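**Student:**
Number of protein chains: 4
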Amino acid sequence: MQFKGNKLTVTVFGQSHAPAVGMVMDGLPAGIAVDRERLQAFMARRAPGQGSFTTARKEADTPEFLSGLAGNTTCGAPVCAVIRNSDTHSRDYSQFLAVPRPSHADYPARVKFGRNFDIRGGGQFSARLTAPLCAAGGIALQWLESKGIQIGAHIAAIAGIQDRPFDPIAVSGKDFDRVRENGFPVLDAEAGRSMLAAIEEARLAQDSVGGIVECAGIGLPVGLGDALFGGLESALSAGLFAIPAVKAVSFGSGFEAAALRGSQHNDPYILRSGRVAAATNHAGGIVGGMTTGMPLIIKAAFKPTPSIGQPQRSVNLDTMEETTLTITGRHDPCVVPRAVPVVEAVTALVLMDKLL
Amino acid sequence: MQFKGNKLTVTVFGQSHAPAVGMVMDGLPAGIAVDRERLQAFMARRAPGQGSFTTARKEADTPEFLSGLAGNTTCGAPVCAVIRNSDTHSRDYSQFLAVPRPSHADYPARVKFGRNFDIRGGGQFSARLTAPLCAAGGIALQWLESKGIQIGAHIAAIAGIQDRPFDPIAVSGKDFDRVRENGFPVLDAEAGRSMLAAIEEARLAQDSVGGIVECAGIGLPVGLGDALFGGLESALSAGLFAIPAVKAVSFGSGFEAAALRGSQHNDPYILRSGRVAAATNHAGGIVGGMTTGMPLIIKAAFKPTPSIGQPQRSVNLDTMEETTLTITGRHDPCVVPRAVPVVEAVTALVLMDKLL
Amino acid sequence: MQFKGNKLTVTVFGQSHAPAVGMVMDGLPAGIAVDRERLQAFMARRAPGQGSFTTARKEADTPEFLSGLAGNTTCGAPVCAVIRNSDTHSRDYSQFLAVPRPSHADYPARVKFGRNFDIRGGGQFSARLTAPLCAAGGIALQWLESKGIQIGAHIAAIAGIQDRPFDPIAVSGKDFDRVRENGFPVLDAEAGRSMLAAIEEARLAQDSVGGIVECAGIGLPVGLGDALFGGLESALSAGLFAIPAVKAVSFGSGFEAAALRGSQHNDPYILRSGRVAAATNHAGGIVGGMTTGMPLIIKAAFKPTPSIGQPQRSVNLDTMEETTLTITGRHDPCVVPRAVPVVEAVTALVLMDKLL
Amino acid sequence: MQFKGNKLTVTVFGQSHAPAVGMVMDGLPAGIAVDRERLQAFMARRAPGQGSFTTARKEADTPEFLSGLAGNTTCGAPVCAVIRNSDTHSRDYSQFLAVPRPSHADYPARVKFGRNFDIRGGGQFSARLTAPLCAAGGIALQWLESKGIQIGAHIAAIAGIQDRPFDPIAVSGKDFDRVRENGFPVLDAEAGRSMLAAIEEARLAQDSVGGIVECAGIGLPVGLGDALFGGLESALSAGLFAIPAVKAVSFGSGFEAAALRGSQHNDPYILRSGRVAAATNHAGGIVGGMTTGMPLIIKAAFKPTPSIGQPQRSVNLDTMEETTLTITGRHDPCVVPRAVPVVEAVTALVLMDKLL
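As given, the protein sequences belong to chains A, B, C and D, one line each in that order.
Heads up, the first sequence is in our numbering, so the first residue is 642 and it goes up one at a time.
Heads up, the second sequence is in our numbering, so the first residue is 642 and it goes up one at a time.
Heads up, the third sequence is in our numbering, so the first residue is 642 and it goes up one at a time.
Heads up, the fourth sequence is in our numbering, so the first residue is 642 and it goes up one at a time.
#1: Excluding the 5 residues flanking C:Arg756 on each side, which residues of the same chain have their C-beta closer than 7 Å to its C-beta?
#2: From the DSSP secondary-structure annotation, give me the bridge partner or partners of B:Leu992.
#3: On the CB-based measure, 16 or more other CB atoms within 10 Å of its CB, does B:Asp959 come out buried or exposed?
#4: Quick one: any contact between the region 667-676 of chain D and the region 707-726 of chain D, if contact means 3 or more CB pairs under 8 Å?
#5: Rounded to a whole number of angstroms, what is the C-alpha to C-alpha distance between B:Val984 and B:Ala846?
#6: Which two residues bound the contiguous alpha helix (DSSP H) that contains D:Arg805?
#7: Given B:Ser693, which residues of its chain have a CB within under 6 Å of its CB, disregarding the five upstream and five downstream residues?
#8: Taking all protein chains shown into account, do 16 or more other C-beta atoms lie within 10 angstroms of the C-beta of C:Lys753, making it buried, or fewer, making it exposed?
#9: Helix, strand or coil, according to DSSP, for A:Met666 in the structure here?
#10: Which chain A residues sit within Cβ distance under 8 Å of D:Asn647?
#11: Give me the Cα-Cα distance between B:Ile760 and A:Pro660, rounded to the nearest whole angstrom.
#12: Report the residues of the region 765-780 of chain A with a CB closer than 7 Å to any CB of chain B, ordered along the chain.
#13: Determine the contact status of D:Gly871 and C:Met642, defining contact as a CB-CB distance below 8 Å.
#14: I want to see whether chain C comes within less than 8 Å of A:Leu669, judged by CB atoms only; does it?
#15: With 9 Å as the C-beta to C-beta threshold (strictly closer), list the residues of the region 737-755 of chain B near chain A in chain order.
#16: Is the Cβ of B:Arg687 closer than 8 Å to any Cβ of chain A?
#17: Looking at the C-beta of C:Gly872, does it have a partner C-beta in chain D at a distance below 8 Å?
#18: In its own chain, which residues sit with a C-beta less than 6 Å from the C-beta of A:Ala800, not counting the 5 before and 5 after it?
#19: So which residues of chain D does B:Pro885 contact, with C-beta pairs closer than 8 Å?
#20: Please determine if the region 854-863 of chain B and the region 784-801 of chain B are in contact, where contact requires at least 3 C-beta pairs separated by less than 8 Å.
#21: Relative to the C-alpha of C:Leu877, which candidate in C:Gly763, C:Glu705, C:Ala986 and C:His658 has its C-alpha closest?
#22: Give the secondary structure of D:Ala883 by DSSP, where H, G and I count as helix, E and B as strand, and everything else as coil.
#23: Should D:Ile802 be listed as close to the ligand NAD, given that the test is whether its C-beta is under 7 Å from any heavy atom?
#24: Taking a Cβ distance cut-off of 7 Å, strictly less, list which residues of the region 883-915 of chain A are near chain B, in chain order.
#25: Following the continuous beta strand (DSSP E) through C:Thr650, name the residue where it begins and the one where it ends.
#26: With distance defined between alpha-carbon atoms, name the residue in B:Ala980, B:Ser657, B:Phe706 and B:Val651 nearest to B:Arg677.
#27: As an exercise, report each continuous alpha helix (DSSP H) stretch of at least 4 residues that is fully enclosed by the region 793-875 of chain C, in chain order.
#28: Determine the extent of the beta strand (DSSP E) in which A:Phe943 is found, giving its start and end residues.
#29: So what does C:Ala739 bridge to, in DSSP terms?
#30: Using alpha carbons as the reference points, say which of D:Leu937, D:Asp816 and D:His923 lies closest to D:Ala899.
#31: Any C-beta of chain C sitting closer than 8 Å to the C-beta of D:Ile760?
#32: Beta carbon of B:Ala722, beta carbon of B:Val854: below 8 Å?
#33: So who's on the other strand from C:Asn957, going by DSSP bridges?
#34: Express the C-alpha separation of A:Pro952 and A:Val662 in angstroms, rounding to a whole number.
#35: Looking at the secondary structure, which residues open and close the alpha helix (DSSP H) in which B:Tyr748 lies?
#36: Rounded to the nearest angstrom, what separates B:Ile938 and B:His795 at their Cα positions?
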């Protein structure tokens, strides 16, 4: 369950209903200032209970730092942050070891771990684990910013409703600010309202919706990454697919590139303000596995939350009989809004590791 | 440039115009039989010179095994295979250190490595490096087959023309055989002819086309993979993005999942022939980062080859002036057909590592 | 600061005077029973405050498990255990950033980390970090025992006074029991009394003494380990040198082997109770980097505690003037008795990783 | 069989009687000049056939570079060097799969790998594999030298006869030159002659002798390494124990430190030429797992060559009967002289990785 970079390792631990979730960042240099208030604000973007579109579970998500900081500065020792799990309703989950929820980790986890699997709240497969990921990524984001690098994400689509995309050439910190100031992380407020309506509609139908998060990175130096398995796309995608519910990842034009001709897709080099730049950015800022200096443009697709209130077919693994299952309890009809900072966090961790 | 699994490490080396390319597989158990003829046949599917749609460069791509085999069986020592580079025209490339080709590795590689970068043929960023990858993956494929696991891929699309997709429930070894017996790796011969026409059209226009490869895996046990960064999608995507020109990777419904509702996307469990199965397979065989036992369904998008004969804009990095560049020489107007076995090879390496 | 095995990763975190020290074990299979009472008893062997030979610092060293256990059984998620630091006197250490203590980590740590280094109690270089190591190793020891493998260590020497060594052929679990039942971990009680006298003598002289720990492993299968960097001696030594104060590690006859002839040192194979065994065990149970099935025999030398009460020469790094330093406060005159379970813990972690 | 550093990976491959042995260095920056003549001279110090004290096997040990160099400069791609195995007498080894040679890898390798183990010449456990290690280490040594860091080793002892040790405070490049200029790598020529006599005596008795190599590193910056498992001693010992026949590794006073008091062993800080230094160097240049800036002082003990001409007891694994074995063929009566550059090579690789 570790992020293993070349210099940076982030060990995430915890289960949804264990005493705590947390993380250890190993490999951080000494002397990094951590602004705890900004970190808390970053984590709040992921935290539940922000609106009708999220789960009713309420948790402060305030990390306790057990090690690695002297005051608010890294001291060179691994940073451990722990977030207690408090508002848990464990009685809801006992049945799913026998009758796995469709499209949840229940079935493969039971086969893999047996009856010892801590299925309460989804165990270590719960989106709850993205809280410590954000604690780690939030520190990475602050460090990147101190180096002139900014990462920002927004909802590109929910339920097929699309937000305005980032400008792959001119995306700027102002775009990131706009998304963050917005209660709902989109560029186009109108699209956001439609998305919220679609989420609410799904919720009322005891259903859920998926979506796409687009993430950009600006201010990156040229040449981060390497050939083959050392490529930046490999590292970023490995990080992004670690986020629960991600089913596709693309860079730049992504799947659309497959339908273009080379003459359409190639990004010619030009001089912009006296510096080498690309006239277009179909590559999404990565060529040959390495950064080109153009904005990094990433998309990650999230499947609809598998926890829905409608009755579903399943199999009782103990009796080996087909059965029907109804999931009760509190669930996000859409994880995408809360996933936006998680995508930023993971992107930041990967980039920080490559830059260290 | 290494594939670093938990048990298996594949170190790929070489540049397009170095004396050789090759690979070392470390972590193979002793006693694996390697059928060299079948390995050669597998590598031939990637080799150039098969038709009008590939580069005119001709190389036998016959690996010489320097170590790790006793006869045709692994002996427990690392397996090293070397493929000599013979048919190289190095004079073609000298100019690109100054004037980088758009959407090639030239520019970031020069910034990263300086003038020592061996730009001939694209250096270590060349698709030539997929030859040793196939040597390694071909061994993994044989091993997987001995365990009842089969991997097969086909061209899902070229230039927007789509092949019939694999049946995500019922895909079988017969589908893989059909694709392999076909000279052009598609399920639907008619679609294949249209693709070939589109490739030829692009070639005549001194242009290139991209495409999509779909890969399936069958016979996998339930529970391969783990939570978060240990997830199978992370490992597979990291491998697939290591293949030059891949710009997007998806599992199951991928980006389309983002527009579905949970009630549409969830895969209900049923009994099929007395065993737990899923009625649908939107998940592409992976839930919670773990295999479900359903067919693995992966898609990888390849951008159009950046080497096109048309004049392109670029910048002379030595004089810092905008200029025009014309690439001559031999180039694939479409890498997708030759990429099909490469996708199989990488998928096999990742799965073998998880199974060991 | 991580132990990185092939399957098992142990991330240790904390500083001597941070809120806590702790560890995360990643890669444990589900279903391992953890006997917390026995774990506590194991950790008590390392804990301070056991006698006149240890520091006066008193801490319960009771790990709180934040994750990874369902009841007392591993659930397949990473196990995190945290041990709070309570009895800390941080005011004692402030001066050493300017005037480093000889043979402590102070000087290189200040150069490496700058003034942000958390020097209180030695920071992350403190022997306090061996508490979470024992929590992890204690779990490994229980698992190994369930597989018929036992690890035991004793003090081989303190201040030049030697204990009776393990019999390299016939060492058994009874020897380990004897050492553990003994308050002072030696085989020969008489030698133990002499060691205690030497420690007390050093303490009264405001001085310290070093020593040697010998560790044995029995019940191991043949063939654990591999060639070159995959060798078991490499893995074990890397683990043992991670223990603060270890300055030498040897296997079997160790340095003495260098003075022997092959005819003296070689271990002839014989049949013992119908099974292949070696007539002698100069190899310490490892040949060619692999276990031979004979008892594993390891020695680790510990330097004398650098914290001594006598005035010592040092340099003021701020004024760059030579000066004299006197260390006050509570310190072990000898770490060796408390290091015995730490050596067992690290040995167990390495072996468990190789066996998984 | 890989050296896995943080930045640098060296994959060694080959068996004694495979077509070749070789290595791939991954992670080398572009632009490192490789002086092939000096590299060849370095490798010649390890090569067989230099005198009566080495095996009669003669091989040029000239590496062919297959990749990673543009001319004589690293280009940023992995460097692969291959050394062909030519002068092999494979018929000598067939019997040892049934009747393992005492203190060779034969027995555990057969149990581990089964009958597929390539036992000829010891397979991947052969000291022959140190040839590619020296190719890699030789490049590291050249790079370190370009950074003002020098590594040198000598025979500290053979058959109990001791050379003058390096001065742990004042050891200099002149000492390294003296050892290299000497045909036999010692500081004290008289001791060298006694060692040669002892080797010859053992050879005539169909026996072998062991010894100790001492290695020093000078010019290192302060603070290389880290706490616990990140310590430099862990990395160096893991590397050194990878060398066949090493059974003990120590730093500074090593095992002797265990018998000293803190007041004797501590290294007080002083100013020397206006810079912080230590008055003594019992630590061997490493405290808290980090370099102190004082010379690095390492000792590695080599067991006597297990291949001796005298009849030895063993067991026939096929018939499970005790038997007698006589090893014929060409063998070093002492590997220590040839091991001197290997110790330098491994030390250089570890240090280069920490410095990158």
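We treat Cβ as the ideally placed atom computed from N, Cα and C, and that holds for glycine.
Note that this is a predicted model, so its numbers are computed, not measured.
**Tutor:** Working from what's here:
#1: Position 115 of the third sequence holds residue 756 of chain C. Excluding residues within five positions, the ones whose Cβ falls inside 7 Å are Leu738.
#2: Residue 992 of chain B sits at position 351 when you count from the first residue of the second sequence. Beta-bridge pairing links B:Leu992 to no other residue.
#3: Indexing the second sequence from 1 puts residue 959 of chain B at position 318. Flag for B:Asp959 reads exposed.
#4: yes
#5: Start at 1 with the first residue of the second sequence, and residue 984 of chain B comes out as number 343. Start at 1 with the first residue of the second sequence, and residue 846 of chain B comes out as number 205. Each residue's Cα considered, the two are about 28 Å apart.
#6: As a first step, residue 805 of chain D must be located in the fourth sequence, where it is residue number 164. Element bounds for D:Arg805: n/a, residue is neither H nor E.
#7: Along the second sequence, read from residue 1 onward, the residue named residue 693 of chain B stands at position 52. Its pLDDT being 49, under 50, B:Ser693 is placed unreliably by the model, and the measurement read from it follows with that caveat. Taken in chain order, the list of residues that qualify is empty.
#8: Your numbering for residue 753 of chain C matches position 112 in the third sequence. C:Lys753 comes out buried.
#9: Residue mapping note: residue 666 of chain A aligns to position 25 of the first sequence, counting from 1. The answer is strand: DSSP assigns A:Met666 an E or B state.
#10: Mapped onto the fourth sequence, residue 647 of chain D falls at position 6. Going along chain A in sequence order, the residues near D:Asn647 (Cβ under 8 Å) are Asn647 and Lys648.
#11: Position 119 of the second sequence, counted from the start, is the residue given in the question as residue 760 of chain B. Position 19 of the first sequence, counted from the start, is the residue given in the question as residue 660 of chain A. Between B:Ile760 and A:Pro660, the C-alpha separation is close to 55 Å.
#12: Gln765, Phe766 and Leu770
#13: As a working note, residue 871 of chain D is residue 230 in the fourth sequence. As a working note, residue 642 of chain C is residue 1 in the third sequence. Yes, these two residues count as a Cβ contact at 8 Å.
#14: Here residue 669 of chain A refers to the residue found at position 28 of the first sequence. No - not a single Cβ of chain C is within 8 Å of the one on A:Leu669.
#15: Val740, Pro741, Arg742, Pro743, Ser744, His745, Ala746, Asp747, Tyr748, Pro749, Ala750, Arg751, Val752, Lys753 and Phe754
#16: As a working note, residue 687 of chain B is residue 46 in the second sequence. So, not an interface residue.
#17: Indexing the third sequence from 1 puts residue 872 of chain C at position 231. Yes, C:Gly872 counts as interfacial toward chain D.
#18: One-based indexing of the first sequence puts residue 800 of chain A at position 159. Taken in chain order, the residues that qualify are Ala839 and Val850.
#19: Residue 885 of chain B sits at position 244 when you count from the first residue of the second sequence. Going along chain D, no residue has its Cβ under 8 Å from B:Pro885, so there is no contact; the nearest lies around 14 Å.
#20: yes
#21: Here residue 877 of chain C is taken as the residue at index 236 of the third sequence, counted from 1. For the residues C:Gly763, C:Glu705, C:Ala986 and C:His658, the minimum Cα distance to C:Leu877 belongs to C:Ala986.
#22: For the purposes of this step, residue 883 of chain D is taken as residue 242 along the fourth sequence, with counting starting at 1. Coil at D:Ala883, not helix or strand.
#23: In the structure on display, the ligand NAD does not appear, and there are no ligands present to speak of.
#24: Ala883, Lys888, Ala889, Val890, Ser891, Phe892, Gly893, Ser894, Gly895, Phe896, Ala898, Ala899, Ala900, Leu901, Arg902, Gly903, Ser904, His906, Asn907, Asp908, Pro909, Tyr910, Ile911 and Leu912
#25: On the third sequence, position 9 is the one that residue 650 of chain C refers to. Its beta strand (DSSP E) spans residues Thr650 to Gly655.
#26: Reading the second sequence from its first residue, position 36 is the one you call residue 677 of chain B. Of the listed residues, the one whose Cα sits closest to B:Arg677 is B:Phe706.
#27: 814-822 and 830-845
#28: Residue mapping note: residue 943 of chain A aligns to position 302 of the first sequence, counting from 1. A:Phe943 -> beta strand (DSSP E) spans Leu937 to Phe943.
#29: On the third sequence, position 98 is the one that residue 739 of chain C refers to. Answer is none; C:Ala739 lacks a bridge partner.
#30: To locate residue 899 of chain D, count along the fourth sequence from 1; it is residue 258. Comparing Cα positions, the closest option is D:His923.
#31: Looking up residue 760 of chain D in the fourth sequence gives position 119. No, because no Cβ of chain C sits closer than 8 Å to the Cβ of D:Ile760.
#32: Numbered from 1 along the second sequence, position 81 holds the residue referred to as residue 722 of chain B. Numbered from 1 along the second sequence, position 213 holds the residue referred to as residue 854 of chain B. Result no, Cβ atoms of B:Ala722 and B:Val854 do not sit closer than 8 Å.
#33: Stepping through the third sequence from its first residue, residue 957 of chain C is reached at position 316. According to DSSP, which records beta bridges pairwise, C:Asn957 is partnered with C:Glu962.
#34: Walking along the first sequence from the start, residue 662 of chain A turns up at place 21. Walking along the first sequence from the start, residue 952 of chain A turns up at place 311. Rounded to whole angstroms, A:Val662 to A:Pro952 spans 31 Å at the Cα level.
#35: For the purposes of this step, residue 748 of chain B is identified with residue 107 of the second sequence, where counting begins at 1. It spans Asp747 to Phe754 - the alpha helix (DSSP H) in which B:Tyr748 sits, taken as one unbroken run.
#36: Walking along the second sequence from the start, residue 938 of chain B turns up at place 297. Walking along the second sequence from the start, residue 795 of chain B turns up at place 154. Straight-line Cα distance between these residues: approximately 12 Å.
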